[in-house]
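In order, the protein sequence lines correspond to chains A and B.
For the first sequence, the tail end lands on 194 under numbering that gives the first Met the number 0, and the numbers increase by one without skipping.
For the second sequence, the tail end lands on 76 under numbering that gives the first Met the number 0, and the numbers increase by one without skipping.
Beta carbons are placed, not taken as given, at the ideal position from N, Cα and C, and that holds for glycine.
Just so we're clear, the structure is a prediction, and the values are computed from it rather than from any experiment.
Below is one structure; the comments refer to it alone.
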Amino acid sequence: MADAVPADLLDDTFRLARSGDEEAFARWMARVEIPLRKSLRAFARAVDVEVVVQETFARMWLAAVDSARIFEGNHASLRFAFRVARNVALEEMRRYGRGGLIDPEQLDGLPEGRVEAEWPDPALRRAIADCFERLPGPLQRALQARVREGWRPDRELAESVRMKLNTFLQNIVRGRRLMATCLERRGVRLSEILS
Amino acid sequence: MNDEEREVLIEQAVSAFRERNAWGRILPSPAWQDLAPEDRAAVFERQLENRVVECALDPATRSTTVRAVLARLRERR
């Protein structure tokens with residue numbers, strides 16, 4: 000596992016974002032997203048974590064460009080983001096009345112914020128790229144549409160690769176299975192890396 | 000629901016696309032809402048793995064979640 004990213008690198012990136020630099024904010028989000036998601040595992044049955052992560056980042060942008068707000072100490076932005084994410088998750092849980100799906104004791108032990116120095120690891124990137132290149136044509140096209148433009152509705156993505164929606168989704172499911180098998184042959188189990 | 004239908008539903012929920020209501024609030028995926036709690040846990044794990052794959056394949060290591068948020072910020076300008 001890589002070392003934790005130097006505090007000044009993450010904090011410098013966030014400082015740039017505070018001047019209204021969206022590209023710097025995008026770099027900061029890219030650094031923070033995976034550890035932030037992992038910290039929300041306890042909420043996975045009760046809330047749609049994708050909603051929580053996107054809403055957390057939207058609120059972090061507002062906090063970043065608020066000149067009255069002070070971020071002090073190493074990884075202050077990361078620690079603040081973890082708190083925001085937890086609050087958003089609790090709000091979502093209350094909104095939909097799903098409190099019974101979570102053990103309150105789990106919330107006491109939520110992980111602290113930490114990001115890796117180089118993520119994804121270069122060897123992991125190569126393995127993923129190699130396995131992706133080996134996918135059969137239709138599966139690769141479907142998965143590529145999701146990887147490149149997955150913030151758009153699936154119906155639009157399916158049309159862009161000239162597939163029916165259900166075929167598009169089935170191709171993604173099959174593509175993921177083949178990717179997982181290919182990665183396992185190279186000794187890579189994403190589920191273990193991310194546990 | 001058979002296994003294939005369940006897999007397709009999970010895959011729909013893995014997407015970073017989320018509708019928003021009239022006030023701009025992001026809404027849970029309808030597919031996610033149709034899933035049982037244990038399948039939602041599977042969505043979480045698959046989303047996590049998928050975002051890593053997206054980062055690995057993107058020159059700027061940006062996932063579709065990051066790009067969804069950027070698109071939202073640009074809409075607000």
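Let me know the secondary structure DSSP gives residue i once reduced to three states.
i	result
Ile69/A	coil
Arg39/B	helix
Arg19/B	strand
Glu155/A	helix
Met0/A	Caution applies to Met0/A, whose pLDDT of 42 falls short of 50 and renders its modelled position unreliable; the value that the coordinates give is listed next. Coil at Met0/A, not helix or strand.
Between residue i and chain B, is any beta-carbon pair separated by less than 8 Å?
i	result
Arg17/A	no
Asp20/A	no
Met0/A	No answer about Met0/A holds up, because its pLDDT of 42 lies below 50 and its placement is not dependable.
Count the other CB atoms, across all protein chains shown, that sit within 10 Å of the CB of residue i; report buried if there are 16 or more and exposed otherwise.
i	result
Glu48/B	buried
Met198/A	Here chain A covers residues 0 to 194 and nothing more, so residue 198/A does not appear.
Arg75/B	exposed
Ile127/A	buried
Met0/B	exposed
Asn73/A	exposed
Leu69/B	buried
Thr55/A	buried
Between which two residues does the alpha helix (DSSP H) carrying residue i extend?
i	result
Ser190/A	Leu189 to Ile192
Met92/A	Ala75 to Arg94
Ala67/B	Thr63 to Arg75
Any beta carbon from chain C within less than 8 Å of residue i's own beta carbon?
i	result
Met28/A	The displayed structure is made up of protein chains A and B, and chain C is not among them.
Does the ligand COA have a heavy atom nearer than 7 Å to the CB of residue i?
i	result
Arg78/A	The model depicted lacks the ligand COA and carries no ligand whatsoever.
Would you say residue i reaches chain A, if we count a Cβ-Cβ gap shorter than 8 Å as a contact?
i	result
Arg74/B	According to the sequence as given, residue 74/B is Glu; it is not Arg. No, because no Cβ of chain A sits closer than 8 Å to the Cβ of Glu74/B.
Ala21/B	no
Pro58/B	no
The stretch 21-34 of chain B touching the stretch 181-189 of chain A, judged by at least three CB pairs closer than 8 Å: no
Between the stretch 1-18 of chain B and the stretch 140-154 of chain A, can you find at least three pairs of beta-carbon atoms closer than 8 Å? yes
Cβ pair count under 8 Å reaching 3, the stretch 28-46 of chain B against the stretch 132-141 of chain A: no
Would the stretch 58-71 of chain B count as touching the stretch 140-149 of chain A if we require 3 or more Cβ pairs under 8 Å? yes
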